Structures are given as C-alpha cells and as structure tokens.
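Notes to accompany the following structure.
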Amino acid sequence: MNGGRFPQSVEDLGQTVASFPTYEAAQKAVSTLIAAEVPARDIAIVGQGLRSIERVTGRLGYATAARSGAINGVLLGLLFSAILVIGTPSVPIQAFVGVIFVGIALGMLLSIITYSFVRRRRDFASVMQVVADHYELTIATDSVQRARQVLGRPGAVPDRPAAPVASTTVTAPPAATPDAGAEPPRYGERVAASSPAVTESDAPAVTEPETPAGPADEQSPDGADEGDGAEQPKQ
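Position one of the sequence shown corresponds to residue 3 (my numbering), numbered consecutively onward.
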C-alpha cells in the first residue's frame, strides 16, 4: 500500500501532463519525477478505457482439482512441519515427513470439495486481468510546471499527434557554369587585356553614299559614239 493522502474526487487529481500506452512507461515517468524532487503525493496514474480480460488456463475436473490441491497441500505440510520442529526440536524425521503427507492429503480434500460446489457453474480455470487503453499521468496544480520541465513537455499534453504541415520546397535557379572552352591561364603566361565585345546593336550604322544615276550612254551631236570621234592615225 502506498502511503500519503488520497484525493477526495477525480477533480483533485490535478492536470494531465503526459499519456503513456503502457503502465510500465508511466511507472518510469513517475520515477523520473520523484528523482527530480517532485512531491510524490502530487502524482497520480489514471487508467483510461479500462477493460477486464479473463484468460482461460485449462479445463477443470476432479483430477485437476486434486493436482492443484496436492501442490497447495505441500506448502501447507511444510508450514505445519516447521511449526512442529520449532516446538519440539527432538522430533524424529518420520514425524516431519508424516506431517507433510498430511498436509498434501488435506489440500487435495479441500480442493475436491471446493470443485464439487462450483463445477455446475463453470468447468474451466481462468485468470482475470484488468487493463487500460492508455495511462495518464496527472500532477497537482502546484507542481504542474515543475513536472512539465522535468518531462520536457512545456506545452499541453500531446494526446493526439499534430496534423502534418505541408512543406513547400523552393527550387533554386541553376548556377552559371563557366564556358567549357575557356581555360584559366597557365602560370607564367601574360594575360592580354580583353576588350569588351561590341555587339551588332551597339555599333553605329554606316550608310553608303548615294551616287547620282547618269545616262548610261552619251551620244555626240553627230550621232556617233565618243569612241568614233577619236583621231585616226596618219598613214
């Protein structure tokens, strides 16, 4: 039994600071809080969604009842034998063994009698277990902030997972790559100053002079060509 005061109602348990799927995980969290000097009386484990599970271990019968009674009778006989030895240290070993057999017989008899009363209601053996869907760790109001700091949960209890946030990816522009034909100058070579390239749009437009169009063939007044008016060589 755990000592300390108990709350009068469920509201006195405090605030829920964590939720665990298993009882073992809740126990570890309680140990962590106690090690961090959180008052043990302010801590409570609350099981939510309780349900009972009955596991059938076997079929009951007179043979099964006698076997289980014999096992219990051995323990009962050892207890009686120890009392006998303590009371009379000089008792012989035969009496010690006889007391054990008496305990076995007594245990078998009690088990068979008990089974004869309950066999009409049930003819199987089972083990009952109470489990919960999850376990909440509640802390009193005075120690809530301290408990959240120890557990590393500054905000509310993450009972439900947060909705996924759509991530936006920004594609970076491709980096400028150097020209494949351009190579860095070798060591010892003189680098000529390169003049900026003049584009066709930056160069001034050059216009060709226009020549007046004259008559294609000029004729002399007498109708002959200019070449015919040349002097004839003397003979």
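Even glycine gets a Cβ: it sits at the ideal position worked out from N, Cα and C. Every value quoted in this text rests on a predicted model; they were computed, and no experiment measured them.
*asked:* Measuring straight from C-alpha to C-alpha, what distance separates Ala20 and Ala28?
replied: Rounded to the nearest angstrom, the two C-alpha atoms are 9 Å apart.
*asked:* I'd like to know whether the C-beta atoms of Thr24 and Tyr137 end up nearer to each other than 9 Å.
replied: Cβ distance < 9 Å, so Thr24 and Tyr137 count as in contact.
*Sort Ala31, Arg123, Leu112 and Leu80 by Cα distance to Arg248 and report the nearest one.*
One cannot answer for residue 248 here, as it falls past the ends of the chain, which runs 3 to 237.
*Should Gly60 go down as buried or exposed, given a rule of 16 or more other Cβ atoms within 10 Å for buried?*
By the neighbour-count criterion, in which a residue is buried when 16 or more other Cβ atoms sit within 10 angstroms of its Cβ, Gly60 is exposed.
_Minimum C-alpha distance to Ala107 - residue among Gln147, Asp144, Gly79 and Lys30_ = Just measuring C-alpha positions, the residue of Gln147, Asp144, Gly79 and Lys30 sitting nearest Ala107 is Gly79.
*Using only alpha-carbon positions, find the residue among Ala149, Ile141, Ala142 and Met130 that is nearest to Glu56.*
Looking from the CA of Glu56, the closest CA among Ala149, Ile141, Ala142 and Met130 belongs to Met130.
*Taking all protein chains shown into account, decide if Ala37 is buried (16 or more other Cβ within 10 angstroms of its Cβ) or exposed.*
Result: exposed.
*Quick one: grab the DSSP three-state call for Gly16.*
Three-state DSSP puts Gly16 in coil, outside helix and strand.
*With a floor of 4 residues, list each alpha helix (DSSP H) that falls wholly inside the segment 18-46, ordered by position along the chain.*
Here the runs fully enclosed are 25-37.
_What I want to know is whether the C-beta of Asp135 ends up closer than 8 Å to one or more non-hydrogen atoms of the ligand FMN._
As presented, the structure is devoid of all ligands, the ligand FMN included, so that no description of it is given.
*What residue does the alpha helix (DSSP H) around Gly100 start on, and which one ends it?*
Per DSSP, Gly100 is one residue of the alpha helix (DSSP H) stretching across Ile95 to Val120.
*Can you round the beta-carbon distance between Val152 and Ser54 to whole angstroms, since I take them to be within the 8 Å contact cut?*
So it is not a contact: roughly 34 Å between Cβ atoms.
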